[in-house]
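Peer 1: Got a structure for you, written out below as structure tokens; questions coming shortly.
Residue numbers (the numbering used here): 10 to 111.
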């Protein structure tokens, strides 16, 4: 019979994996839209830029406000670090689009 601790950790690991996957999907979606905006002159209206910046801020807060659980495996830890770098790069990319529109 497994200990409740094992079941809890298994469930938390599954949820943590889903959380990272959802963050990764959101970042990729936003990255795609920012890349598309680069190709279209004038797409970065004040409303679009403000909305995009809010989404980036929300994703950034979601990534950096949680502490990394000590029990996650090395693969999930690496994914968290990769997503943190990616959101930083995404913001730099967004600022480039914003600067062109300003």
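For each residue, glycine too, the CB sits at the ideal point set by N, CA and C.
All of these numbers come straight from a predicted model, not from anything done at the bench.
For residue 94, which of helix, strand or coil comes out of DSSP?
Peer 2: DSSP places residue 94 in helix when its eight states are reduced to three.
Peer 1: For residue 97, does the count of other Cβ atoms within 10 angstroms reach 16, so buried, or fall short, so exposed?
Peer 2: By the 10 Å Cβ count, residue 97 comes out exposed.
Peer 1: Would you report the Cα separation of residue 72 and residue 39, rounded to the nearest angstrom?
Peer 2: Cα to Cα, the separation comes out at about 15 Å.
Peer 1: If distances are taken between C-alpha atoms only, which option among 21, 88, 32 and 79 comes closest to residue 66?
Peer 2: Checked all of 21, 88, 32 and 79; the closest Cα to residue 66 is 32.
Peer 1: Short check: CB of residue 43 to CB of residue 99, under 8 Å?
Peer 2: In contact: residue 43 and residue 99 (Cβ atoms closer than 8 Å).
Peer 1: Answer yes or no: do residue 68 and residue 77 have a C-beta to C-beta separation smaller than 8 Å?
Peer 2: No.
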